[in-house]
């Protein structure tokens, strides 16, 4: 079983809901978004087009980040999920250079979302911070893991569940009958920047 | 205010982990959500898969509310202004007071006004939390005895034109394509399915499904908005000219292609009504009903005569010595004469060939004559639709633009039938089988035209109000179809209007619920100086101190946000935000997921308390009884009606309303478990047009009388120039905004605003998660200009520029040179550029568009009193660094 | 689309790259001098003395840059795929060998001072690892495949030439401070002229190779014309190449005596400082390839 994603750019209308849902579900600190949405425009007026590109970790079958990681903190499980062992990582940031998709993240500390507020963090941030520290940390590499904890509970990744346009799909790339495998084949799903040979597990369906 | 947080997350040990169903209040889509509370702290928000209002999805704004609930900048305690000076940017020097003291101050003041003259009160409310205002606002106004009310920018910019015209033509607030069957939709300045607001998440799924099925969208927009980018074709158009384009297309359909749904027009509109030379209906002497010409029998008959075999749509017929013509023919000739394509192309900058081609595609896709069987009923199938909303109607021609675009649908019979333009939110409800409520089936007036049974206001869109001497401070009740007025109150002429129209009282106090009229109505200083500062006392319910409270509020009350309060009716009145084209009706409530934090209180509870302290709660309860029928589809039954002599808490009111609407077993406690009640939708409700014996006008005969009456009233006060009576003609027209009449001036560009889907007007910019997105986004905080235009002006991407309007008001911001803007335009995301001390994250980000707009008579629609939201401007470099 | 450079590896990393280069380069000079013997003996000592301490200090900067420094000792654990791991091993071996080499002149090992054969052998081994130290960082950066500005064979070559050149200049400074060895200093100066000329060529070829991809072109624009340009033109071209080259040429062929000495010291300080700026320019210019989806391109912007 190799977990994968399909993101249908024809359905996506650029609302950033996945980015915020991911933040809430993974309690990422200020400055980190595991699912980040990029905006683009091409063409010359009046033949111009705009399209959002939602991104997340590609959980590559040939991950560059894993290759360059000197400590062995970066690992990949049998389903293709790439994780960082927070006890082993030394925070060299080589993985951030090597990842073609910008999907490795690090922060030095929990910077409050309300920097000018005095006193303790508010109740929600206290919760979020402690959840973040349970699973991740500061100064080390952190990344999307396809919400593997939710998946193990039988749920979908947070970004998939939130998407208002139902543009995101999650499933098993190794199963040719899975929804995502069928979509990739039928709708000519493509990967980003295949020239780097990373063999991403995230496929996009064309916008038009 | 830097609040010391008093709420702590409890110890790591999980004593509580529950999911509470409720309704989101991040915008006015009102999606059903589930909130997870762990040890008293809300830690997750997800969509509720059980409701068709969202189907389990949640958008950025909804999820981000986790930040807003615990934002330390929230107003958490009652505040009193200690700086007597008021004005834009003034420091109010808040002093924290107790609720007792706040009530004391408010009740003392209000008691004085109640005893001397209650009429000078003014209620200002947000459109985002609309379910709340239908109780506290309206009941309080009635109980106290004042009529003055508005929703500032949320209303005026939004839909003075659209909502009333959709009410006339579709019994609904808005229109969307029937995503289930539509193949071809023209979008005029609207985002349906690609934005926020009314049933936004449901329409987002529906449009994505429709697109996957092959539905095509042609989007007319000066901006390559999201919907334009997702559509098959973006047709750039000059701002504010959509109505002319629609009439040009109708000209093509009727006069070049002969494409129209004769059957629909004959039976479902007043197209066959005979019009006599004075432009009025030719009426039957006996019954006074409008006459039609039966071509089979060769004589005139009342429109609803049972013996009619066929209706003439064209020709000249002599009836009682007068030469009469069917309205259809007059309309057809009118668009040919007044909207030839060369003229339309010049007005809109859309080429003649494009107008012709799109009209043809629209007409052909309507597949006039085809049918489909749904739930065993055979219905017309018309898979073409033309829809519109804020962008196209936010101009001087608001009312007529709305009608002109919608007339495209009625010409081809694509109204509330499979595939066509549907009233939205779903307007026609037969009610729950158990209670028969809410019942919102429209009916016909004596002239056969559709009257809504259910509406969001007491003042129905049709029949128009009969102009009479005004009694309101904004003179709104003098006008036949106005919802809110701005031009009367936001200029230095307010006092002059009041004197001229002999309003014998003056503004005394204002209650505000969440609206930020300083920021969202027009030039901030004008609104503040001309209108807001005329009030002796202002108290305001807010979740943040914003530009409004800091400028003019005397007391600020800490409002419980949607996660902290009860609202009994969220998805009804259905025409406001209930999804259309879904299998089920859903009645959602809102319930507190946490008890209000700090000293926040529910607006509805507080207003009820104030009513009790003023001794007017009997009138308050009575008013609620009267608010319910038109908004929630039927009178309150005796069992649950509020007894004016009784004493009810807000929760008890909610409980009674729910049991009355949904059945004895569906009170507040029961609803709290699931957050909603669902029942199946019927085809007679969804595709209602051919099940309800009503007609709609294509010839607006009653506008004539309305205009004459308005003129008479205005003349009687000596100010006939309060409106342009040319608007009150029966045939559709396009009128320019002041910005369209300035050719050759140094103000060479049109400025307009757009709405990003991840913000709600001016209320979300302090949310740090939404702010992060906005900082990442390449466009939302900047001024977008066509790259060629920018280059010609010597501008470089990213530099600071000034944008200045013809009266010297100017705003500044960094410029972004793009290809996604019509070259004649300056495109700015609305409601940013905050400056309040109370919203430090919002302040200083984005651009404040509204200062470019003007609120006077010249910038107002004479038909609906809607506001013109575009401005002619010039741009030049600013010395400051971006 | 606004392509932005990476912002995570900056001056601390540049300091390490620079010190590793200088340490490796100086050590190689020291080893060569050791073989030459005679009046080069003092040069040899200087070179070796500069060798591992520079790299060690450089490592301190690297550890400072780490997000979780207490895990620094894990840096060698994946040499099968990671160039940081490989490099960690290489520089560790270099430092140990360098220390041993250095120890030949220290108590209690001074008895071995005469053991030329052993010392030469150690020196050869050390030089091998010094070479590795000088060149591996260029390869390491090159293994960041999406950063076209780095993933070119010219980069290790550039770092190597710069390492040798700054190593030579560091030794010159050390020798001038120490006194004596004028002959070798002059010879080093002349050798450095050739190294700098070679470096100029390598820099030109390196920049020329950036025309290949849009992201490397963006890097070249950034470095030559936009925000990094002052650092490049003044710090690298000026202080790193032109100033030392001109001074060394005039010093070697025109001036004599103290003039030549002053020229040599000024040139060397300038050149050494330029070496640090060169590393920072390379880092600051690193731009990721845009993400390509259909006709659209999106900048990777939060690295």
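Residue numbers (this note's numbering), protein chains in the order written: chain A, 18 to 225; chain B, 5 to 886; chain C, 1385 to 1687.
Glycine is no exception: its CB is placed at the ideal position from the N, C-alpha and C atoms.
- Between the C-alpha atoms of residue 183 of chain A and residue 465 of chain B there is a straight-line separation of about 36 Å.
- Beyond the five residues adjoining it in sequence on each side, residue 443 of chain B comes within less than 8 Å, by CB distance, of 433, 434, 435, 457, 458, 637, 638 in the same chain, given in chain order.
- Per DSSP, residue 1387 of chain C is not a residue of any beta strand (DSSP E), being assigned neither H nor E.
- Not a single CB atom of chain C sits nearer than 8 Å to the CB of residue 219 of chain A.
- Three or more beta-carbon pairs drawn from the region 67-76 of chain A and the region 113-122 of chain A are found closer than 8 Å, and the two stretches are therefore classed as touching.
- With a cutoff of 8 Å on beta-carbon distance, residue 235 of chain B and residue 277 of chain B are scored as not near each other.
- Between the region 1415-1422 of chain C and the region 1462-1481 of chain C there are fewer than three inter-stretch CB-CB distances shorter than 8 Å, so the stretches are not counted as touching.
- Residue 82 of chain B is classed as buried because its beta carbon has at least 16 other beta carbons within 10 Å across all chains shown.
- DSSP places residue 50 of chain A in the coil class of the three-state scheme, outside both helix and strand.
- Closest in alpha carbon position to residue 339 of chain B, among B:260, B:420, B:539, B:766, is B:260.
- Taking a C-beta distance under 8 Å as the contact criterion, residue 508 of chain B and residue 492 of chain B do not qualify as a contact pair.
- Counting the other CB atoms within 10 Å of its CB gives residue 1455 of chain C a total of 16 or more, which places it among the buried residues.
- With contacts defined as CB atoms closer than 8 Å, residue 877 of chain B and residue 751 of chain B qualify as a contacting pair.
- Going by DSSP, residue 580 of chain B is part of the alpha helix (DSSP H) stretching over 578-581.
- Cβ contact annotation for residue 1446 of chain C (same chain, cutoff 6 Å, sequence separation greater than five): 1400, in chain order.
- Rounded to the nearest angstrom, the gap between the Cα atoms of residue 220 of chain A and residue 205 of chain A is 9 Å.
- When the beta-carbon positions are compared, residue 1562 of chain C and residue 1430 of chain C come within less than 8 Å of each other.
- For residue 413 of chain B, the uninterrupted alpha helix (DSSP H) run begins and ends at 402-415, by DSSP.
- Note that the C-beta distance between residue 1435 of chain C and residue 1559 of chain C is not below 8 Å.
- For the region 102-121 of chain A, residues whose beta-carbon sits nearer than 7 Å to a beta-carbon of chain C comprise 105, 106, 107, 108, 109, 110, 111, 113, 114, 115, 117, 118, 119.
- For residue 678 of chain B, the three-state secondary structure derived from DSSP is helix.
- The residue among B:416, B:545, B:558 with its C-alpha nearest the C-alpha of residue 253 of chain B is B:416.
- At a cut-off of 8 Å between beta-carbon atoms, residue 52 of chain A makes no contact with chain B.
- Within chain A, the residues placing a beta-carbon under 7 Å from that of residue 234 of chain B are 30, ordered along the chain.
- Residue 454 of chain B counts as buried, since no fewer than 16 other beta carbons sit within 10 angstroms of its beta carbon.
- Residue 150 of chain A and residue 376 of chain B have their C-alpha atoms spaced approximately 58 Å apart.
- Just so you know, the alpha carbons of residue 642 of chain B and residue 324 of chain B end up roughly 52 Å apart.
- Rounded to the nearest whole angstrom, the C-alpha separation of residue 69 of chain B and residue 350 of chain B is 46 Å.
- Residues of the region 748-781 of chain B with a C-beta atom less than 8 Å from some C-beta of chain A are 761, 762, 772, 773, 774, 776, 777, 780, 781, listed in chain order.
- Among the residues facing chain A, residue 95 of chain B is not included, as its CB has no counterpart in that chain under 8 Å away.
- Just measuring C-alpha positions, the residue of B:39, B:848, B:80, B:37 sitting nearest residue 549 of chain B is B:80.
- In the same chain as residue 53 of chain A, and ignoring 5 residues on each side of it, the C-beta atoms closer than 7 Å to its own belong to 36, 72, in chain order.
- Each of A:137, A:80, A:32 was checked against the Cα of residue 97 of chain A, and the nearest Cα belongs to A:80.
- The Cβ atoms of residue 404 of chain B and residue 727 of chain B lie no closer than 8 Å to each other.
- If you draw a straight line from the Cα of residue 368 of chain B to the Cα of residue 758 of chain B, it comes to about 31 Å.
- With a beta-carbon spacing of about 5 Å, residue 1599 of chain C and residue 1532 of chain C fall inside the 8 Å limit used to define contacts.
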